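Everything in the sequence shown is counted per the UniProt record's numbering, starting at 1 for the first residue and increasing by one.
Ideal Cβ positions, reconstructed from N, Cα and C, are used throughout, including at glycine.
Since this is a predicted model, take the numbers as computed values, not measurements.
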Amino acid sequence: MPSKFRIFYDKSNGSVMVKNPNGGRPQRERLIHQEAVLQVFEDDPQTNLSIVANQLNTSYSNCQRIMKDAGQHDFKFRKGQGLRPEDYPRRVAFCEGMLAAFEEDDTLLDRIIWTDECNYARQGSINNKNQHFWTAENPHLVREDKFQRRFNQHVWAGMVGDRLLGPVFCNAAFDGDSYLEFLEMDLTEMLDENFTREQQGELVLMHDGASAHAAAYVVDYLNEHWDQRWIGRYGHVAWHARSPDLNPLDYSHWGPSKDRVYHYGAPDSLEELGWRIEAYADEIPPESIQHSTREIVRRMEKCIEMEGGHFEQCL
C-alpha cells in the first residue's frame, strides 16, 4: 500500500482510487518543478516571477510559493552616486578626520552649516505607486505630468544644529559671481537673523565642490571672512566629491520636500511652486532637523566600515 497516498472507494462503480493528499501533480514531479524554479533564480537572481512562470509554463503564484517556501525574498536595489576608484580613500580620510574632530570638540557637530542646492521643475517626479484616492467607486482619475509651459525653481538651503536656513530662491543655478553675491548678502542676512556675532564666529560653513563654489574670488572671500572655518574643494577641510550620502540636505531634506511639493500634482505657477516649497520647510520640527544633522556621525562610521564605498543600503 502506498504510504504517502490515501485510498478512496468510489461507490458509483466500485473502483478503488489512490489520491495524492497534497493535490495537483505527483510529489516527484513537484520536486523537479521546484528545483527548476530555484535553479533559474540561482542562475539569474535579477529575473522576476512573471518571466520564470512563462519560461517554465507554470503560474506566477506557484513560483511565488516555491520561493517563499525556500526562504527566498526579493530585495530592491538602492540608487547610489557613481564613485571613482580615487573616491574611496578620500571619503574614508574625510570621515575619519571629521569623527576625530567631533570627538575632540563635542560642540562642533552643532556648529556646522551643511548647505546644498536643488532644482524643482514644474512637472516634478510623480510616483504613481504612492498616489492613491480612496472612495467607494472608481472615479477614473488622471494626474497631468507633461506640460508645454514649463518652469523651474533653483533653491538653496542649509542645516545647522536644529535649524533650517532658507529656502532661498535663485533665478538660476549659481555661477561664481551670483554665489559670491549670495554669500555676501543673503547668507550674511540669514546669519544675522539667527545668530549673535559671537555665535557666528564659531560656525563652520560646508559646501560641495561645485564650480561656482571653487571660483578663485569665492575662495578668497571665504578665506578672508571664514578663515579656516569652511569645508569645500579648497577649504581647510577638503570636501570629497560625489558624496551626497554624507550631506544632510541630500539624505534627509530634498527627497521628502519634493514628495510633499508634488503630492497633489504639478503646481500651476512658479509662485505656487515656491509657496509649496516654503510650506514644507515651515512644517519641519527642530527635532527632525537635529536628528538629520546628528545622523552624519552614524553615516561616517558606516562609510569607514565600507571602506569608502556605498553604505546607505546597510543602514
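Residue(s) in a DSSP beta bridge with residue i
i           : result
residue 115 : 158
residue 231 : 206, 237
residue 170 : 154
residue 121 : 152
residue 163 : 160
Residue i burial status per 10 Å Cβ neighbour count (16 or more: buried)
i           : result
residue 321 : This structure leaves residue 321 out entirely; the chain is present only between 1 and 315.
residue 166 : buried
residue 222 : buried
residue 60  : exposed
residue 299 : buried
residue 249 : buried
residue 315 : exposed
residue 45  : exposed
residue 257 : buried
residue 84  : exposed
residue 115 : buried
residue 97  : exposed
residue 51  : exposed
residue 139 : exposed
residue 276 : buried
residue 296 : buried
residue 255 : exposed
residue 247 : buried
Residue j beta carbon less than 8 Å from that of residue i
i           : j           : result
residue 82  : residue 113 : no
residue 265 : residue 91  : no
residue 294 : residue 280 : no
residue 117 : residue 174 : yes
residue 270 : residue 230 : no
residue 55  : residue 40  : yes
residue 203 : residue 237 : no
Own chain partners of residue i with C-beta closer than 8 Å, once the 5 adjacent residues on each side are dropped
i           : result
residue 218 : 176, 179, 180, 183, 212
residue 150 : 121, 122, 123
residue 80  : 245, 310, 312, 313
residue 301 : 95, 99
residue 89  : 308
residue 102 : 108, 109, 297
residue 195 : 203
Own chain residues within Cβ distance below 6 Å of residue i, not counting five before or after
i           : result
residue 232 : 207, 213, 239
residue 191 : 200
residue 4   : Because residue 4 sits at a pLDDT of 45, beneath the cut-off of 50, its placement in the model cannot be relied upon, and the following sentence gives the value as read from the coordinates. No residues qualify anywhere along the chain.
residue 215 : 176
Pick from the options that is closest to residue i, judged by C-alpha positions
i           : options            : result
residue 48  : 209, 31, 95, 74    : 74
residue 286 : 302, 70, 162, 46   : 162
residue 253 : 288, 236, 263, 235 : 288
residue 31  : 102, 67, 300       : 67
residue 57  : 273, 33, 46, 76    : 33
residue 86  : 135, 315, 278, 242 : 242
residue 291 : 51, 101, 251       : 251
residue 198 : 53, 105, 111       : 111
residue 303 : 93, 135, 107, 78   : 93
residue 53  : 36, 135, 196       : 36
Own chain, CB closer than 7 Å to residue i, minus 5 neighbours either side, in chain order
i           : result
residue 172 : 154
residue 169 : 153, 155, 274
residue 164 : 157, 281, 284, 289
residue 278 : 167
residue 70  : 38
The ligand SAH heavy atom lying under 7 Å from the CB of residue i
i           : result
residue 110 : Ligands in the displayed structure: none, and consequently the ligand SAH is not present.
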